[in-house]
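Here's the structure we're looking at; comments come further down.
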Ligand code: DGJ
C-alpha cells in the first residue's frame, strides 16, 4: 500500500479536528435549559409557533403540536393550521412544518379563518394511525358551534387529513359509578335544576366541546376531556377503539364552576387534572383535581401555583402535562401566555411539577432543566 504524503496526512488530521471541535462547540451552545416566558427559537431561529399545544412521544422523539398563530388579532383565528415540531431533548426543537392545513374553501369545516384550538395527537396501535383532535369553531360563528374535530395521518408529523367534526354524545346520558344517589342524576324533566340546563338543552344535538385535551391511559384506552355546557362543566368521554369517536360512556365533572384548559396525567395509579377558570384570553388562577378512577369522584384541590403571580398562573393558562420518558414521577406543566393583540408573540411557560406526597405544587423559576427531577 502506498504511503500518504505527510502534507496530505496533516490536512486530513486538521480537518477532522476542526469538524470535531465545531460539533462539540455546537453541542455546548445548544440550549440545555427552559426559560419560561422567553422567546423560544426553533432550529431556524424562529420563535416556536405551537400554541395551546400538546406533545406526543414516539420512538425516541417528542412531537409538539400546536396552533400556528400569525401577527395581530387576526392570529387568534386559524389562518394557517396546526404546526408540528420535533425534539429529542425537549430544549431544542426542529420545525416539522404545518401538520394540518386550513382549507381555502370557505365552505370547509376547517376553512381559513375558522377557529382551531388546543390540538392533541394520539397514536392508535390498532389502526397504526395518528389521530389529531381539536376544538373547532366554524367560520364566522364565533364560539357558538362548539365542535370537536378529528384529522388523521399515517405519519406522526403529517400531513393530517381532516376527517369529521361533531358535538359529543348526542342522545346519551352520563355514566354513574355504582352508589350514585338518584337525586345526583340528570333529570331533564326537572326544569328548575340550573345545573342541568345546558346539558338538557343539548341532549339531542350533542354536548358542546370547547377547551379540550386527550388523555391516553396506560391500558390503551383514551379519553376526550373538554369544557362543555357553555363551559359550566368538564366532560370526560371515553374514546372508541380507533380513537375517532366515542363509546357513549362519559361523566360530568365540577358542575357549575366553569373550568377551561384541562390537562391530565397519571402518577402511581392516581389521576390528576389541571385546569383554569374561564376569563377569555386573560389569565386566572389554575385549579387541580385528583381521582382514583377516571370516572371519579374528582376531588377539587384549589390552586397548585405558589409564589408571586400564582393567582394568575404566572400569566399563563394550562394546555398539557408532559410525562418525561424514562424519568419516574417527572412531569412538566405546560401553559400558554396568550398575547391576543399579537397572537404570534404568545409565550410558553413550562414549569416542573413538584410533589409532596400526593399533593402537587407549581413554582415559578426563570431558568431550569430536567436535572431538577433527579433531586
Ligand atoms: C380561553 C381558552 O382557553 C382559549 O383556548 C381560547 O378559547 C380563549 N379562551 C378565547 O377567548
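Residue numbers (my numbering): 1 to 375.
Glycine is no exception: its CB is placed at the ideal position from the N, C-alpha and C atoms.
Apart from the 5 residues on each side of it in sequence, residue 241 sits with its Cβ closer than 7 Å to the Cβ of 126 in its chain, given in chain order.
Cβ-Cβ distances below 8 Å link residue 44 to 95 in the same chain, with the five nearest sequence neighbours on each side left out; the list follows chain order. Three or more pairs of CB atoms, one per stretch, sit closer than 8 Å, so the segment 83 to 93 contacts the segment 48 to 67. In terms of Cα proximity to residue 120, the closest of 112, 233, 133 and 371 is 133. Closest in alpha carbon position to residue 207, among 122, 174 and 79, is 174. Counting C-beta pairs closer than 8 Å gives fewer than three between the segment 134 to 146 and the segment 246 to 262, which falls short of the contact rule. Take the alpha-carbon of residue 61 and the one of residue 301: they are about 33 Å apart. When the beta-carbon positions are compared, residue 338 and residue 317 come within less than 9 Å of each other. Taking C-beta atoms under 8 Å as the contact rule, residue 311 and residue 363 fail to qualify, at a distance of about 14 Å.
Residue 256 and residue 154 have their C-alpha atoms roughly 40 Å apart. Within 8 Å of the C-beta of residue 76 there is at least one heavy atom belonging to the ligand DGJ. Here the C-alpha atom of residue 294 lies approximately 24 Å from the C-alpha atom of residue 285.
Residue 218 is classed as exposed because its beta carbon has fewer than 16 other beta carbons within 10 Å across all chains shown.
For residue 76, same chain residues with a beta-carbon under 7 Å away, outside a window of 5 residues either side, are 340 and 343 in chain order. For residue 276, the shortest C-beta to heavy atom distance toward the ligand DGJ is below 8 Å.
From the listed residues 345, 326, 159 and 353, the smallest Cα separation to residue 334 is found for 353. Residue 110 sits away from residue 85, with the two beta carbons spaced by 9 Å or more. The beta carbon of residue 248 lies closer than 7 Å to those of 169 and 172 in the same chain, with the five residues before and after it left out. In this structure, the CA atom of residue 214 is about 12 Å from the CA atom of residue 245.
Of the heavy atoms belonging to the ligand DGJ, none sits nearer than 8 Å to the Cβ of residue 68. Taken through DSSP and simplified to helix, strand or coil, residue 175 comes out as coil.
Of all residues, those with a beta-carbon under 6 Å from at least one heavy atom of the ligand DGJ are 52, 117, 118, 211, 260, 261, 280, 281 and 317, reported in chain order. Remark: C-beta atoms of residue 198 and residue 253 do not approach each other more closely than 9 Å. By the Cβ-count criterion, residue 192 is exposed, with fewer than 16 other Cβ atoms from all chains shown falling within 10 Å of its own Cβ. Runs of the alpha helix (DSSP H) spanning 4 or more residues and lying entirely within the segment 59 to 109 do not occur at all.
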